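The opening residue of the sequence shown carries number 0 in numbering that gives the first Met the number 0; numbering runs sequentially from there. Glycine included, each C-beta is placed from N, C-alpha and C at the ideal position. Quantities reported herein were computed from a predicted structural model and do not represent experimental measurements. Data first, discussion second: the structure below is written as C-alpha cells.
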Amino acid sequence: MLEISPTGQILIVGSRPSNFGREFLESKRLVFWHSTDNRSLSRLTLPKRVEAIIFTRFISHSLQQKIMNMARVAGIKFFRFVRGTGEIKKMIGESGILNQEMPESPVLTSGEMIEVTTAMPVPQVLPQAQEVEESLTKEGKEEKMEKPKIGFLTEFVLKNANFSANAGEEIKRLFNLAISQGLKTTERSVEFCFYQNRKRLRQQAVTEKTAQPSIPKKPLKRKKDSLVAIEKWLTTADIIAVAMREIIEENKYLRAEVKSLRRKLTEIKSVLKANS
C-alpha cells in the first residue's frame, strides 16, 4: 500500500508528460522527473518532502541504481521494480493522495533540496522510512546482481517465455523472474528481446508451414537393351561425323569454283569495256 504523511510527496522518475493527465501533473503531492528532463536528472538531488519514489520503465538501469542509493542515504522508501503508467495511476488512485490537501509547512518549502555527495555521512534512518523492495537478501546482506553474459537474455526469454500470453503481463513476469534469479537487466531489454524472439518464431512457423515437402527421387534402373542402344548411338555418331567431313570438303571445292568464276567474270567485263 502506498502511504505517505500529509505533507509528503511522491517522486515519479523516468516518466513521460503525455502519459499523465493534468490531475497528476498539477498535483502538489506528486513530483515528476520526466525522461526528457535532463537537467533534473543530471543534478541527482531529491526534494526534501519526497517520502516515496516510483520508477517507470523509461529509465536506464544505471540511473535507477544511483537514485536508489540516494534514497537509502536519505531514508526514503522506494519501489525497486519499474512500473507501467497504468499501474502507477492505479496505485496513486487507490491511495487517495490526489484528493488530499497538502498543508503549508513553515519549516519545509518546496524549493529546499537535499544535496547528496559521496563524502556525505549516512544519517540515521527513521523507522517509518523503510525501503519497499522485493530484493534478494541473505543473512542481512543484499546479494550482488550477476553480470549478464552475451546472449544470456535471449536464452532466458526462450526458456521461460509464454509467447501466446498477454505481452505486457508476460514481459513484466519475465523481468521480475530475471531479477529474482539475480540477472542484471532492465524491463526495456526484456521487452525488446521478447518481441524480437516472438517475431522470429512466428516467421519460422510460417516458413515451415508453406515449405513444399521434398519427394525422394527413384533410383534409375538399367534397361535390358541399354547396351544395344548405346552401340546404335555410337554407330550413328560415326556416320554423322563422316557426313560432316564430306560436307566440309564439298564446301571447300565450291568456294574454289566460285572464286574461279568471279575471276573469269572480271576478265570478261574488262574486255567488253575495252571494245566499247
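Please state whether the Cβ-Cβ distance between residue i and residue j is less than 8 Å.
| i | j | result |
| --- | --- | --- |
| Arg-71 | Ile-53 | no |
| Ile-66 | Val-30 | no |
| Phe-57 | Ser-14 | yes |
| Phe-19 | Asn-175 | no |
| Gln-99 | Pro-5 | yes |
| Leu-1 | Ser-61 | no |
| Phe-193 | Ala-166 | yes |
| Ile-75 | Leu-45 | yes |
| Asn-159 | Leu-173 | yes |
Exposed or buried, residue i, counting other C-beta atoms within 10 Å across all chains shown (16 or more means buried)?
| i | result |
| --- | --- |
| Ser-26 | buried |
| Ile-91 | buried |
| Ser-269 | exposed |
| Val-49 | buried |
| Glu-141 | Any answer about Glu-141 is weak, because its pLDDT of 42 lies below 50 and its placement is not dependable; what the coordinates show is given next. So Glu-141 ends up on the exposed side. |
| Trp-32 | buried |
| Thr-55 | buried |
| Ala-204 | exposed |
| Arg-261 | exposed |
| Thr-184 | buried |
| Ile-239 | exposed |
Using 8 Å for Cβ pairs, my map puts residue i next to residue j. What's the rounded Cβ distance?
| i | j | result |
| --- | --- | --- |
| Val-189 | Leu-157 | Contact doesn't hold; Cβ gap of about 12 Å is too wide. |
| Phe-162 | Arg-197 | 5 Å |
| Ile-170 | Ile-96 | The pair is not a contact, with the Cβ atoms about 27 Å apart (cut-off 8 Å). |
By DSSP's criteria, residue i is part of a beta bridge. Which residues make up the other side?
| i | result |
| --- | --- |
| Leu-10 | Val-30 and Ile-52 |
What runs of the beta strand (DSSP E), each 3 residues or longer, lie entirely inside the stretch 25-81? 29-33 and 49-54
### Query
Taking only runs of the alpha helix (DSSP H) that begin and end inside the stretch 150-180, which ones reach a length of at least 4 residues, in chain order?
151-159 and 166-179
Going residue by residue through the stretch 228-274, where are the continuous beta strand (DSSP E) segments of at least 3 residues, counting only ones entirely within it?
none
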